[in-house]
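Take a look at the structure below.
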Amino acid sequence: NGVDCLDMNPVSALGPIVIKNGTESSVVLDCDYSPNEHDYFLSRTKPTSLVVKWFFNNDPRPVYQWVHSKKPQDLGVLKGKINTEYRFSEDNVTMYRAIQILNPTTNLSGEYKCTVFNLEDEKSQTRKMIIYVPEKNFELTHSKQNGNTAVNITCKAEGVFPEPELVIRIK
């Protein structure tokens with residue numbers, strides 16, 4: 561049995577990160593783990609044993625990787641879109657756990673999963689990010705059909721992202 565370390569702090573209760581397209585110069589996604597004494601011991605004795613990886617939309621290939629004692633790497637769809645110099649803290653076990661995405665756009669909307677592992681443990685957490693575009697035109701009309709009880713409702717939204725869901729409730 562290994563030593564339980566890498567305590568992950570729950571982020572699911574935080575809800576998604578929601579950003580209007582073109583309004584933020586960057587956004588930080590944090591892989592919120594709390595190292596314990598054993599993690600610090602491993603970082604001194606086997607420096608490359610601690611690894612943080614970020615994944616996007618269930619793709620098995622990481623979009624970011626930090627191997628302790630090495631420089632962070634931006635990969636895949638986030639290549640050139642991450643500030644690899646960004647430090648979450650000056651603590652050498654957590655300094656590069658977060659990613660700073662530069663100029664986030666709608667194509668980066670989705671689910672981000674970070675995985676932290678060392679020689680004895682592996683933990684993950686997921687965070688959703690929505691980068692939206694408000695509608696350019698919006699029209700909602702309703703009319704009765706031929707004097708009976710039927711109603712025709714038309715909803716039209718142009719230029720919006722992500723595709724909206726329309727919910728109609730009858731009371």
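Under the numbering used here, think of the first position of the sequence shown as 561, with each following residue one higher.
A virtual CB, placed ideally from N, CA and C, is assigned to each residue, including glycine.
Let me make sure I understand the geometry here. Which of N663, E699 and F677 has the alpha-carbon closest to that of S603? Looking at the Cα atoms, F677 is the closest of the given residues.
Which residues does DSSP list as the beta-bridge partners of F616? In the DSSP output, where bridge partners are listed per residue, F616 has Y672.
Could you tell me the distance, in whole angstroms, from the CA atom of K673 to the CA atom of P664? Roughly 17 Å between the two C-alpha positions.
What is the DSSP secondary structure of N712, counted as helix, strand or coil? DSSP places N712 within a strand segment (E or B) once states are collapsed to three.
Nearest to I642 by alpha carbon, out of W614, E650 and V627? When each option's Cα is compared against that of I642, the closest is W614.
For the stretch 679 to 689 and the stretch 699 to 708, state whether three or more C-beta atom pairs, one from each stretch, are separated by less than 8 Å. By the C-beta criterion, the stretch 679 to 689 is judged not to be in contact with the stretch 699 to 708, since fewer than 3 inter-stretch pairs fall below 8 Å.
Among I713, R647 and V720, nearest to R729 - alpha-carbon criterion: The residue with the shortest Cα to Cα distance from R729 is I713.
Output yes or no for whether 7 Å exceeds the beta carbon distance between V637 and D599. No; because the gap between Cβ atoms is not below 7 Å, this pair is not in contact.
Three-way DSSP call (helix, strand, coil) for N667 in this model: DSSP, reduced to helix, strand and coil, places N667 within a helical segment of the structure shown.
Within the 7 Å Cβ cut-off, does Q660 reach chain D? Of the chains in the structure shown, none is chain D; there is only one protein chain.
If you compare alpha carbons, which of S586, D590 and S669 is closest to L574? Minimum Cα-Cα distance from L574 among the listed residues S586, D590 and S669 corresponds to D590.
Proximity below 7 Å, CB of R690 to CB of P576: Contrary to the premise, residue 690 reads as Ile rather than Arg in this sequence. In contact: I690 and P576 (Cβ atoms closer than 7 Å).
State yes or no: is the C-beta of W626 within less than 7 Å of the C-beta of P632? W626 is a Cβ neighbour of P632, given a cutoff of 7 Å.
Could you tell me which of S609, T666, F648 and E680 sits nearest to V720, measuring between CA atoms? When C-alpha distances from V720 are compared across S609, T666, F648 and E680, the shortest belongs to T666.
Paired residues, beta bridge with D681 - DSSP: Residue pairing from DSSP leaves D681 without any beta-bridge partner.
Roughly how many whole angstroms lie between the Cα atoms of N561 and P595? The pLDDT assigned to N561 is 37, lower than 50, so where the model puts this residue is not dependable; a value taken from the coordinates is nonetheless given after this. If I take the Cα positions, the gap works out to 19 Å.
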